[in-house]
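So for the sequence shown, our numbering puts the first residue at 1406; every next one is plus one.
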Amino acid sequence: MADIRRSDEKDEGVTEHVEDGGLKTDIVGVNENHLPEYHDKETQRILRKVDIRLIPMLTMLYVMSFLDRSNIGNANIAGMSEDLGLVGNQYNICLMVFFFTYALLEVPCNMMLKILRPSTWICIMMVSWGIIMTLQGIVQGYHGLIATRVMLGVAEAGFFPAASYLVTTWYCRFEVQRRLSVFYSASALAGAFSGILAYGIQHMDGAGGLEGWRWIFILEGLLTVAIGSTLHWTLPDSPETASFLQPWEREVLVRRLAEDAGTADGHVEMHDSFQWSSLKGPLTEWKLYLCIFIWWGNAIPVYGFTYTVPAIIVGLGYTSAVSQLLTVPLYISGVISVISISWLADKKQVRWSFVTYPYLVAAAGFLALLAIPHPKYPGLTYFFLFFIPIGIYPSLISLCSWIGNNLAPSWKRAIGMAMVVSGGNLGGLVGSNIFLSSQEPKYPLGYGLCFGMCVLASAGAVILKFGHQRVNKQRDAMTVQEIREKYTEQELMMMGDKSPLYRYVI
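Structure (structure tokens):
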């Protein structure tokens, strides 16, 4: 694990008092650089300002993102398939095509994030997918629905990796996961909100001569456009340009990020320019391919679960409207799980165990659902459905934080995170095709495959742990003097996480 200097472990140097508007903080000098303490009261006050401005905004945006891609499940049980004349596996194909463009475009989108201002790029994406969602409400058949789902994947492709990367540019390594958990829990909130919203909107059946399920798409799409249009002015881009912070507050954030770059005896380049090695590095990193496989342990179950859980509850004997409401407690349990586990992971400064063990909880739920003789015990089935969001949501956010913690410099982190999200979300192609209507209410293929993926993903996290530990041990065997005799300071900075001074988070 990285050797992180805390506020009570000051290096020798000059202490500089910086005052602004009556506020004062101590900045401890290390060699020629003045670096701030991590846990002094003024730094915490600055972080609270960032939290208030950045995290609620990203949370709201992710609610809209996940809502707009998953509300098709709510629309389906409100009569969409019947009205559009979908037959056989056509509904599953409509779910699946979203992931082709969604996954393939995530790396180029995160490269655009490094070229444009994040607020500008995310604004463009959000307005685009809101328009497409609105148009999805007026499609007249199977081919129209296919077209809007493909284009929705294009428009939404860059949001999650962009938002995740943006968080890592504001916070130190063991401050990231609890922040990511808040905005990622929006996916669970979106599931809960989607059920409540769909319950109300589907009662608009006949308004304007349109079916109720069409209004689900239209109203949610228009809301997305309205919110997205404000982002150029409301979403902060970086600590260096944050207008809501005083100049000295921006300097504190920038300097503490430089200190927490993964190396106790050097620095990592935080504002590197694009080079072809920035693309080659992630593409040749075996650990990122393992992360993609671990991500599938989330992507396959979460998309299968999200798209199918309303139908599963209908199969327990409830009406469509009541089933919409009964999805809400499931997603709320996911929110509680991801936030509490992420808080603990940052406190313990560990990642691997908070990937592995929640996956095993989800695996236990899928195994139980596979064994229950449906629909004989509806209460027991509903109980074990809670194991799914409780297990798979925190596993993913722990993995996402782990990836962001261990990639440097900045271009490699942006491309590497997008690459894993891209490859990982290909699991949605599988997840959207394993809960087959012909197998309801038992869903042996869906429950069985999700169980196996959770177990394998859990094992993959253990392998990744040992891989990082092995590299850290090899680097520990070298002295700082030996390393500096072999490499220049500039070479060490540009090497990023490949620098022998760098230590991986475990």
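Every residue gets a Cβ at the ideal spot worked out from N, C-alpha and C, and that includes glycine. Just so it is clear, the structure is predicted and the values come from calculations on it, not from any experiment.
Per-residue burial, residue i [other beta carbons within 10 Å of its own, 16 or more giving buried]
i, result
"F1649", "exposed"
"F1856", "buried"
"A1508", "buried"
"Q1541", "buried"
"Q1582", "buried"
"S1475", "buried"
"G1546", "exposed"
"V1885", "exposed"
"W1816", "buried"
"L1688", "exposed"
"S1586", "buried"
"P1644", "buried"
"P1652", "exposed"
"D1751", "buried"
"V1492", "exposed"
"S1742", "buried"
"S1842", "exposed"
"T1893", "exposed"
"D1416", "Summary for D1416: the model assigns pLDDT 39, below 50, so the residue's position carries little reliability; its value from the coordinates is reported in the next sentence. When all chains shown are included, D1416 counts as exposed."
"Q1895", "exposed"
"M1485", "buried"
Own chain, CB closer than 6 angstroms to residue i, minus 5 neighbours either side, in chain order
i, result
"L1571", "P1523"
"H1873", "Y1909, I1911"
"L1518", "W1526, A1567"
"N1436", "Because the pLDDT at N1436 is just 34, under 50, the model does not fix this residue reliably, and the value given afterwards should be weighed accordingly. Here the set comprises nothing."
"A1562", "Y1507, L1510, E1511, C1514"
Residue i - DSSP class collapsed to helix/strand/coil
i, result
"Y1604", "helix"
"Y1798", "helix"
"Y1723", "coil"
"Y1907", "strand"
"M1883", "coil"
"L1627", "helix"
"S1648", "coil"
"F1791", "coil"
"D1610", "coil"
"G1833", "helix"
"G1493", "coil"
"S1643", "coil"
"L1632", "At residue 1632 the sequence reads Ile, which differs from the Leu that was named. Reduced to three states, the DSSP call for I1632 is helix."
"V1544", "coil"
"E1487", "helix"
"T1689", "coil"
"T1506", "helix"
"E1616", "coil"
"P1846", "coil"
"K1781", "coil"
"C1577", "coil"
"N1811", "coil"
"F1902", "Per the sequence shown, residue 1902 should be read as Asp rather than Phe. Residue state, collapsed to three classes: helix."
"Y1736", "helix"
"T1893", "coil"
"F1840", "coil"
CB-CB length for residue i against residue j, believed under 8 angstroms
i, j, result
"W1618", "A1726", "No, W1618 and A1726 are not in contact; Cβ-Cβ is about 13 angstroms, not under 8 angstroms."
"R1756", "S1800", "That pair is no contact at about 11 angstroms."
"L1831", "F1504", "6 angstroms"
"V1740", "A1866", "Not really, about 22 angstroms apart at Cβ, beyond 8 angstroms."
"F1579", "L1463", "Actually they are not in contact, since the Cβ atoms of F1579 and L1463 sit about 19 angstroms apart, beyond 8 angstroms."
"E1690", "G1809", "E1690 to G1809, Cβ: 14 angstroms. No contact."
8 angstroms Cβ shell around residue i - same chain, five flanking residues per side excluded
i, result
"Y1604", "A1726, Q1729, L1730"
"I1705", "G1832, G1833, V1835, G1836, I1839, L1854, C1855, M1858"
"F1789", "G1770, A1773, L1774, I1777"
"M1465", "A1591, I1632"
"M1792", "Note that residue 1792 is Phe in the sequence shown here, rather than Met. Closer than 8 angstroms at the Cβ level, and outside the excluded window around F1792, lie V1766, A1767, A1769, G1770, F1771, A1773."
Extent of the continuous alpha helix (DSSP H) run through residue i
i, result
"L1463", "1446–1482"
"H1637", "1636–1639"
"S1533", "1523–1541"
"V1755", "Taken as a continuous stretch (DSSP letters only), V1755 belongs to no alpha helix (DSSP H), as it is neither H nor E."
"L1550", "1547–1561"
"G1566", "Residue identity differs from the one stated: residue 1566 is Pro in this sequence, not Gly. Taken as a continuous stretch (DSSP letters only), the alpha helix (DSSP H) holding P1566 covers 1564–1573."
"F1588", "1581–1589"
"I1520", "1511–1520"
Cutoff 7 angstroms; reference residue i; Cβ partners in own chain excluding five residues on either side
i, result
"I1606", "G1617, W1620, I1621, L1624"
"L1834", "M1501, F1504"
"V1826", "E1511, F1565, P1566"
"R1458", "P1641, F1649"
"M1406", "In this prediction, M1406 has a pLDDT of 38, which is less than 50 and means its spatial position is unreliable; what the coordinates show is noted afterwards. Q1754, R1908, V1910, I1911."
"S1599", "L1472, S1475, N1476, N1479"
"L1804", "C1696, I1699, W1700, V1760"
The ligand GTP heavy atom lying under 7 angstroms from the CB of residue i
i, result
"T1689", "Ligands are entirely absent from the displayed structure, and the ligand GTP is therefore not among its contents."
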